[in-house]
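Residue numbers (this note's numbering), protein chains in the order written: chain F, 1 to 101; chain V, 1 to 629.
What follows is the structure, encoded as structure tokens:
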């Protein structure tokens with residue numbers, strides 16, 4: 001499991017609070033900052049671009065059920081809330097802004 | 001068009017002399033990169049589908065004619081990375097390194113990447129180039145990249161990667177000259193520069209960022225049409241509505257168009273059989289060909305129109321990109337029984353026929369989910385159950401209105417059989433998913449590809465491929481069993497003539513199992529029907545027709561009347577319930593064997609479903625009389 005570094009430098013205007021991916025609102029963009037998921041799940045997610053420090057946008061919530069569509073690394077991927085809850089993000093207010101790694 | 005000009009560019013750094021001629025080429029790329037489209041484009045119909053030995057991953061190989069020579073093209077499964085994590089990735093790595101059993105090690109690799117999403121997939125190209133095989137990198141969907149305002153310089157990218165790069169559009173066949181010139185040169189270069197450590201995500205990302213920026217890559221604007229369409233298709237209210245409309249259309253078409261088409265086809269087949277038989281001298285040989293082989297085989301052939309229609313729809317939905325959206329919408333419902341939304345379309349298909357449904361489960365990546373879907377699919381009421389349902393319902397259930405003119409007693413009996421199968425499927429899924437097939441760690445991750453127009457070419461190839469698989473496997477099994485049934489009803493010979501029906505081996509078999517099925521309310525003739533219908537469910541109707549027709553006591557009666565003489569109402573209901581649950585379909589068993597690559601699962605499935613059918617029919621026949629008074 002990735003350990004969060006709370007002293008990292010972020011671009012001005014970035015909130016330094018960590019949120020779960022499920023806390024984003026449609027249109028919000030965040031930067032993946034950690035996982036609270038088993039390694040096997042993380043490996044599977046990494047294949048779809050869910051990697052530390054990657055920008056992620058909540059595109060829309062899916063109808064029926066709790067799945068949501070996220071734009072990550074150039075493609076759109078749907079996840080259930082049970083998985084998204086285990087992905088932590090640094091929230092970027094408004095549109096995409098790059099975090100300084 | 002610039003993409004086309006660029007497409008002819010094949011650029012690469014200095015090559016070392018060829019180590020040997022290229023004979024085998026592996027085709028590799030991430031899912032949705034258009035790899036299969038390219039494979040079809042390059043090999044046309046000269047391809048073979050099989051399984052890699054010992055595992056369920058499909059092996060596609062084809063012949064590529066180019067520059068006056070023939071090359072073997074291996075289409076590897078779509079993968080995101082070569083770190084052997086899933087079965088697909090393990091296979092891909094084994095083939096690339098020449099460790100796969102029964103597959104020649106490739107002399108060259110074509111890496112197919114989606115040019116509109118290069119940043120995400122470039123690492124895969126890096127990993128493969130680092131393996132040291134001669135590589136041609138094909139940036140697919142160059143037309144889309146250009147249309148949406150993206151660019152990339154293939155020459156510069158080639159210099160960065162140390163491997164030739166070409167822009168192509170596989171769907172339109174543009175840019176494929178690159179393949180020819182690559183093969184003509186017999187290019188076997190060792191990569192000039194190895195990409196840096198790709199295992200470490202931050203380093204890998206820096207490498208990708210540097211490489212793409214050196215190659216002048218500008219990502220295209222997001223697919224506006226896909227977003228807009230998703231706004232409707234995945235809308236809170238419109239989404240489910242569109243879903244129901246599409247599913248309803250598919251269901252209605254497979255029955256509405258497929259059933260008449262099947263009937264026409266059946267008429268044609270039986271007439272063809274009779275006419276062909278008229279050319280033969282009467283006797284045992286003609287009877288074998290007509291009553292044994294032809295009737296058995298054509299009883300399965302008649303399902304071809306429905307199967308093709310179903311695959312036409314599945315193909316359209318899959319190629320257009322809607323299937324992923326349908327899976328997303330149905331995910332919640334499917335999750336309540338422990339499955340994911342990806343099992344929805346296969347299970348819907350199972351209402352027509354379990355064989356294509358089981359083949360359609362290939363879209364489910366999670367192996368355990370896929371196995372569960374395969375195991376419950378035959379509980380869905382397939383079209384082969386219709387003949388026996390229709391016969392028994394017409395014979396035993398008088399037509400009475402249930403809900404005014406909307407629903408009669410017969411239609412509601414039919415509907416309840418559909419519901420019965422559905423509930424048994426769900427119950428079985430629950431049992432499986434909470435015990436042996438419990439999901440482990442694999443999350444539900446569903447990539448939503450861009451919407452695309454399906455091409456006639458890829459749909460046609462898919463239909464031909466499926467028809468071929470269906471005819472080959474169902475044809476061989478059905479053929480053998482039909483001959484066996486015919487032989488057993490015509491033996492032992494008395495004075496060179498076939499015996500009376502009751503003296504045949506088939507009748508003896510029926511009488512042998514009679515004590516076991518008597519508590520279910522069935523006599524030996526039904527027993528023979530149950531035995532022969534192990535081949536295919538609809539066979540029982542033909543068998544009963546033959547048996548009652550051969551019996552002097554019931555000879556003059558219609559089959560419905562004859563059945564009313566032999567079966568009580570509880571017995572008839574028991575028979576219906578038996579057919580709702582029992583696994584009487586060798587084509588399905590053969591398909592399950594092929595798809596799971598073992599006899600274990602079809603055996604378990606057969607025993608489980610037979611046991612459920614037996615117990616349920618027994619319960620009905622014992623309890624229903626008490627209830628009826």
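Positions of the beta carbon are idealized from the N, C-alpha and C atoms, including for glycine. Computed from a predicted structure; not experimentally measured.
- Assignment of alpha helix (DSSP H) within the region 546-614 of chain V, counting only whole runs of 4 or more residues, yields 559-566, 569-581 and 586-596 in chain order.
- In the DSSP assignment, residue 140 of chain V is bridged to V:114.
- By the Cβ neighbour-count rule, residue 42 of chain V is buried, with 16 or more other Cβ atoms within 10 Å of its own.
- By the 16-neighbour rule on beta-carbons within 10 angstroms, residue 38 of chain V is buried.
- For the pair residue 111 of chain V and residue 96 of chain V, the CB atoms are not nearer than the 8 Å cut-off.
- For the region 57-86 of chain F, residues whose beta-carbon sits nearer than 7 Å to a beta-carbon of chain V comprise 60, 62, 63, 64, 65, 67, 69, 73, 74, 75, 76, 77, 78, 79, 80 and 83.
- By alpha-carbon distance to residue 352 of chain V, the top candidate from V:332, V:383 and V:337 is V:383.
- For residue 82 of chain V, no chain F residue has a Cβ inside 8 Å of its Cβ, as the nearest lies near 11 Å away.
- The three-state secondary structure of residue 75 of chain V, taken from DSSP, is strand.
- In this model, residue 26 of chain F and residue 149 of chain V are separated by some 26 Å (Cα to Cα).
- Here the alpha carbon of residue 381 of chain V sits roughly 27 Å from the alpha carbon of residue 319 of chain V.
- For residue 447 of chain V, the pairing in a beta bridge is given by DSSP as F:77.
- In the three-state scheme derived from DSSP, where H, G and I count as helix and E and B as strand, residue 18 of chain F is classed as strand.
- With its beta carbon at least 8 Å from every one in chain F, residue 364 of chain V lies outside the interface.
- Collapsing the DSSP output to three states places residue 215 of chain V in coil.
- In this structure, DSSP gives residue 351 of chain V a state outside helix and strand, which the three-state scheme calls coil.
- Using a C-beta cut-off of 8 Å, the region 406-416 of chain V makes no contact with the region 269-283 of chain V, since fewer than three inter-stretch Cβ pairs fall below that distance.
- Rounded to whole angstroms, residue 600 of chain V and residue 88 of chain V show a C-alpha spacing of 22 Å.
- Within 7 Å of the CB of residue 47 of chain F, the CB atoms of chain V belong to 80 and 81, in sequence order along the chain.
- Note: residue 68 of chain F is bridge-paired with F:61 and F:79 in the DSSP secondary-structure output.
- Counting only runs of at least 4 residues, the region 364-423 of chain V fully encloses the following alpha helix (DSSP H) elements, listed from N- to C-terminal order: 367-376 and 386-396.
- Residue 137 of chain V and residue 123 of chain V do not touch by the CB rule: their CB atoms are close to 13 Å apart, not below 8 Å.
- Under the three-state reduction of DSSP, residue 168 of chain V is assigned to coil, being neither helix nor strand.
- In this structure the region 456-463 of chain V does not touch the region 259-274 of chain V; the number of beta carbon pairs closer than 8 Å is below three.
- If you compare the alpha carbons of V:69, V:426, V:274 and V:587 with that of residue 347 of chain V, the shortest gap goes to V:426.
- From the listed residues V:71, V:213, V:447 and V:159, the smallest Cα separation to residue 79 of chain F is found for V:447.
- Residue 238 of chain V counts as exposed, since fewer than 16 other beta carbons sit within 10 angstroms of its beta carbon.
- With contacts defined by Cβ atoms closer than 8 Å, residue 580 of chain V and residue 420 of chain V form a contacting pair.
- When C-alpha distances from residue 298 of chain V are compared across V:202, V:217, V:21 and V:268, the shortest belongs to V:268.
- The beta carbon of residue 28 of chain F does not come within 8 Å of any beta carbon belonging to chain V, so the residue lies off that interface.
- Residue-level contact check: residue 329 of chain V touches chain F, since one or more beta carbons of chain F fall below 8 Å from its beta carbon.
- Relative to the Cα of residue 627 of chain V, the nearest Cα in the group V:583, V:250 and V:570 belongs to V:570.
- Separation of the CB atoms of residue 85 of chain F and residue 24 of chain F is rounded to 12 Å, and the pair is thereby denied contact status at 8 Å.
- In terms of CA proximity to residue 520 of chain V, V:622 leads the group V:115, V:622 and V:158.
- Here DSSP, grouped into helix, strand and coil, assigns residue 237 of chain V to coil.
- The C-beta of residue 20 of chain F comes no closer than 8 Å to any C-beta of chain V.
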